[in-house]
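Undergrad:
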Amino acid sequence: MRKWAVIYSSTTGNTKAIAEEISGVTGADIFRVQDAPTDLSAYEVVALGYWLRRGGPDDLMKAFLPKISNACVVLFQTHGTDVGSEHAVTSFARAAYLLGTDCEILGTFSAQGKLAPALIARRKKSDPDDTHNSPEAQERWVRAAEHPNEEDRAAAREFTLKMEHKLDLLEKFRQAQEARQHAAPQK
Ligand SMILES: Cc1cc2nc3c(=O)[nH]c(=O)nc-3n(C[C@H](O)[C@H](O)[C@H](O)COP(=O)(O)O)c2cc1C
């Protein structure tokens, strides 16, 4: 395993649960974003996890992402919206956009996460024409209430192993490329 740092932001524990799976597989150093170092040069992979707020990373992670530069990054997120929805996918783009210079994104992982009961209560009070309180939204809350579950946790572990495999392949590819360059006849 490479040397990983896992840095996460979480208020109700959903993102933390995924962060713990990733660090469990890799033996990573794990930090809450509030306590994370910004010099991450000792790490070969930096996994950054956040929860969605207003269609993008939460405020703590939003402030942290620009401090990361020159790193191999994995992004992971939890959200009330469905995995793979346009809303969830766009959020990865928003997080990526906030990263500092020279970061390479190795992969992304997403899981649904239950909404805090206080948020549901607030949304239930809003106008039924408000998309946050539509019948579709209410159905999503019910689906999200089951997550992250054991299946999500297993998917996070599998994803992490895939990232390691991807790095193995990239390393082999680079070595083969270098060997070809050395073997090429000098002109
Ligand atoms: C104030 C607030 C805003 C939220 N906004 C979104 C949102 O824009 N999109 C979304 O899919 N989920 C949204 N959620 C749901 C959370 O992203 C989701 O419950 C997440 O799993 C919480 O993660 P945590 O337990 O690690 O804090 C919001 C939750 C809160 C409390």
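Counting in my numbering, the sequence shown runs from -18 upward without gaps. For every residue, glycine included, the Cβ atom is placed at its ideal position computed from N, Cα and C.
Excluding the 5 residues preceding and the 5 following T82 in the sequence, name in chain order all residues of the same chain whose CB lies nearer than 8 Å to its CB.
TA: Within the sequence shown, the letter at position 101 stands for residue 82. Excluding residues within five positions, the ones whose Cβ falls inside 8 Å are S50, N51.
Undergrad: Please give the ranges of any alpha helix (DSSP H) in the stretch -14 to 28, keeping only runs that are unbroken, at least 4 residues long and fully inside the region.
TA: Those alpha helix (DSSP H) runs which fall completely within the stretch -14 to 28 and span 4+ residues are -5 to 7.
Undergrad: In chain order, what are the residue ranges of uninterrupted beta strand (DSSP E) at least 3 long that sit wholly in the stretch 61 to 98?
TA: Whole beta strand (DSSP E) segments, 3+ residues: 85 to 93.
Undergrad: In this structure, does DSSP put P116 in helix, strand or coil?
TA: Along the sequence shown, one-based indexing puts residue 116 at 135. Helix, per DSSP.
Undergrad: So is E2 buried or exposed if we call it buried at 16+ other beta carbons inside 10 Å?
TA: For this step, residue 2 is matched to residue 21 along the sequence shown. Per the 10 Å Cβ criterion, buried.
Undergrad: Touch check for the stretch 105 to 120 and the stretch -8 to 0: three-plus C-beta pairs under 8 Å?
TA: These segments do not touch.
Undergrad: Report the option in V55, K48, S4, P38 whose CA atom is closest to the CA atom of A69.
TA: On the sequence shown, position 88 is the one that residue 69 refers to. Cα-wise, what sits closest to A69 is P38.
Undergrad: Apply the 10 Å Cβ neighbour rule to F154 and answer buried if 16 or more other Cβ atoms are within range, or exposed otherwise.
TA: Locating residue 154 in the sequence shown gives position 173, where the first residue counts as 1. So F154 counts as exposed.
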